[in-house]
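Protein chains: 2
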Amino acid sequence: MAIDHLDGALLELLAREPRIGVLEASRRLGVARGTVQARLDRLQSNGVIRGFGPDVDPAALGYPVTAFATLEIKQGQGSDVRAHLASVPEVLELHTTTGHGDMLCRLVARSNADLQRVIDRVVGFDGIVRASTAIVMENPVPLRIIPLVKQAAGG
Amino acid sequence: MAIDHLDGALLELLAREPRIGVLEASRRLGVARGTVQARLDRLQSNGVIRGFGPDVDPAALGYPVTAFATLEIKQGQGSDVRAHLASVPEVLELHTTTGHGDMLCRLVARSNADLQRVIDRVVGFDGIVRASTAIVMENPVPLRIIPLVKQAAGG
DNA sequence: GCATTTACTGGGCATTCTGTATAGCGACTG
DNA sequence: CAGTCGCTATACAGAATGCCCAGTAAATGC
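Taken in sequence, the protein lines are chains A and B.
The first sequence runs 1 to 155 under full-length UniProt numbering.
The second sequence runs 1 to 155 under full-length UniProt numbering.
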């Protein structure tokens, strides 16, 4: 669970140059290959590294518009709403939250006009009482993990 | 830019089994190795695939609490606030948005108590007028891209 | 209609990496 | 003090990669 400095450096290296192999990583980090291999195995079985899935850019796929929708749900309809939202491809992420809304989801769309269609599809479901949408204009800090990794590694 | 069915299948395959190589992928997809290689190169230079960075789980790093904070910013302080937020490791993501707030950020913390510390650090900055936080309880749909890829590939 | 370009196939080749195993060494622990 | 753990160092077979080429089929331009 705890991450030491070598783990941190390894994660950082992998984040910066993902196509790097175990052997090359060991050279960069100045440790034996077996060490890197053992660390990687441990990080993966720990669940620290979930995987190495391709990082796909929705914008490049033709979905340049991102929005966050806060949803208010009718009592007891939670699981139906979840299933509904999971069936919409443009819903990239869904959280249930405390606070004003009950759920928060990340949406993408082909255009602002298309966003209307997506929202209609998302909220056009019985269990959803109200929705408020915030359209993303800029993304000054793209999803990142390295600063947190550094902190966790004690750096 | 446009994604055909083979691209979609390749992305799906890579998402499901990321450690797969080009050769193995070509076998699974029933095409020549050179084809997979060419498609991958194209997807990467297109920007569709940003990279293959390790997918790190903040919870496994000791940050099991996630929250979204909506921030209201003092006019003209945008770039200062951006820089401030970028300097906080627990800020995983930051967007500027339309709607009620001016910014939306994703936070993580070691505990609910620790979240208070993080929020204090985030909002303890002159340009931020008001903040409202929603703590994530469940994540019924984790960040995903495959359904969108399938739709973009026309299937 | 004809030539050109593009994308895919199938094959080959040298280099490199992976998976796996070995043994030695220093540090920590019961 | 013996046992365990993590790291180093090395070895080896099998596999994958990067790169090359020639042939073919479909789309594009003249």
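Glycine is no exception: its CB is placed at the ideal position from the N, C-alpha and C atoms.
Residues of chain A with CB closer than 8 Å to the CB of B:R82, please, in chain order.
Going along chain A in sequence order, the residues near B:R82 (Cβ under 8 Å) are P140 and V141.
What is the C-beta distance between A:V88 and A:I128, in whole angstroms, given that I count them as a contact (C-beta under 8 Å)?
Incorrect: roughly 12 Å between the Cβ atoms, too far for contact.
So B:D55 contacts chain A; which residues on that side make the cut at Cβ distance below 9 Å?
By Cβ distance, chain A contributes I49, R50, G51, F52, G53, D55 and I145.
Closer than 7 Å, Cβ to any Cβ of chain A: which residues of the region 64-97 of chain B, in chain order?
Against chain A - using a Cβ distance shorter than 7 Å - the residues of the region 64-97 of chain B are F68, R82, L85, A86, P89, E90, V91, L92, E93, L94, H95, T96 and T97.
Identify which residue in A:N139, A:R144 and A:F68 has its Cα closest to the Cα of A:V122.
Considering only alpha carbons, the answer is A:F68.
Nearest by alpha-carbon distance to A:D102: which of B:Q116, B:M137 and B:L143 is it?
Nearest option by C-alpha distance: B:M137.
In chain A, which residues lie with their C-beta within 7 Å of the C-beta of B:R19?
Correct list: F52.
Give me the residue from A:H100, A:R106 and A:R144 with the minimum Cα distance to A:E93.
Minimum Cα distance to A:E93 is reached at A:R106.
Taking CB distances under 8 Å as the criterion, tell me whether A:V149 reaches chain B.
Chain B contact via Cβ: present.
Under the assumption that A:G99 contacts B:S132 (Cβ atoms under 8 Å), give the Cβ distance between them as a whole number of angstroms.
That pair is a contact at about 7 Å.
Of all the residues that make up the region 121-133 of chain A, which are near chain B by a beta-carbon distance shorter than 8 Å?
Residues passing the 8 Å Cβ filter: S132 and T133.
If you count every other CB in all the chains shown that lies within 10 Å of the CB of A:G8, and 16 or more means buried, which is it?
The residue is buried, with at least 16 neighbouring Cβ atoms inside 10 Å.
Give every residue of the same chain whose Cβ lies closer than 8 Å to the Cβ of A:P58, excluding the five residues on either side of it in the sequence, and list them in chain order.
Closer than 8 Å at the Cβ level, and outside the excluded window around A:P58, lie P64, T66, L92 and V108.
So, are the CB atoms of B:P54 and A:L11 less than 8 Å apart?
Result yes, Cβ atoms of B:P54 and A:L11 sit closer than 8 Å.
Given a threshold of 16 other Cβ atoms within 10 Å of its Cβ, counted over all protein chains shown, does B:A113 qualify as buried or as exposed?
With fewer than 16 Cβ atoms within 10 Å of its Cβ, B:A113 is classed as exposed.
By alpha-carbon positions, which one of B:A2, B:Q75, B:R130 and B:L23 ends up nearest to A:G62?
For A:G62, the nearest C-alpha among the options comes from B:A2.
Per DSSP, B:S132 forms a beta bridge with which residues?
Answer by DSSP bridge pairing, in chain order: B:T70.
Please decide whether A:I3 counts as near chain B, where near means a Cβ-Cβ distance under 8 Å.
Yes, A:I3 lies at the interface with chain B (some Cβ there is under 8 Å from its Cβ).
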